[in-house]
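Written below as structure tokens is the structure these notes are about.
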Amino acid sequence: MTTDIRKQTKYTLLDPITLEGREVKEAMLRRIKGKDIRDMEREDSGLDKTALIICSLAGWPPEAFDLLDAADIEGLTKIIEGFMGRRKRA
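First residue of the sequence shown? That's 5 in the numbering used here, and the numbers climb one at a time after it.
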């Protein structure tokens, strides 16, 4: 098994968002820690879990999730699944 030891993964947003008055064109996702998993598990719905983990790993405020395009949510989710060893088979 290959282990990805990068500390961050860059994802270029297909549809940039505006956060705190500035345009954001990419997300720099840090790797997942145990605390992130525990925090995510406290959320009731799958969508709330997704929102929490994306914003936490990108260092964004929670409201940033609502600004993301659906294609960007899917792309970010795939990266996070990879961090957790949950890559979907083609």
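Using N, Cα and C, we set each Cβ at its ideal position, and we do this for glycine too.
key: Whole-number beta carbon distance between LEU61 and ARG34, since they are thought to touch under 8 Å   = Position 30 of the sequence shown, counted from the start, is the residue given in the question as residue 34. Position 57 of the sequence shown, counted from the start, is the residue given in the question as residue 61. So it is a contact: roughly 5 Å between Cβ atoms.
query = Looking only at C-alpha atoms, which of THR54, GLU67 and ASP70 sits nearest to GLU85?
reply = Position 81 of the sequence shown, counted from the first residue, corresponds to residue 85. Answer by Cα proximity: THR54.
request  = Note down, one range per segment and in chain order, each beta strand (DSSP E) of at least 3 residues found wholly within the segment 8 to 42.
outcome  = 12 to 23 and 26 to 34
ask   = How many angstroms separate the CA atom of PRO66 from the CA atom of CYS59?
value = For the purposes of this step, residue 66 is identified with residue 62 of the sequence shown, where counting begins at 1. For the purposes of this step, residue 59 is identified with residue 55 of the sequence shown, where counting begins at 1. Those two C-alpha atoms are separated by around 6 Å.
Cα-Cα separation, ILE41 to GLU24 = To locate residue 41, count along the sequence shown from 1; it is residue 37. To locate residue 24, count along the sequence shown from 1; it is residue 20. Going by the C-alpha atoms only, they are around 27 Å apart.
request  = Have a look at ASP52 and LEU80 and give me their C-alpha separation to the nearest angstrom.
outcome  = As a first step, residue 52 must be located in the sequence shown, where it is residue number 48. As a first step, residue 80 must be located in the sequence shown, where it is residue number 76. Going by the C-alpha atoms only, they are around 14 Å apart.
key: Three-state secondary structure assigned by DSSP to THR6   = To locate residue 6, count along the sequence shown from 1; it is residue 2. Residue confidence for THR6 is low, a pLDDT of 47 falling below 50, so the modelled location carries little weight; the figure read from the coordinates is stated next. Coil, per DSSP.
key: C-beta contact flag for ASP98 and ASP76 at 9 Å   = Residue 98 lies beyond the range of the chain shown here (5 to 94); nothing can be said about it.
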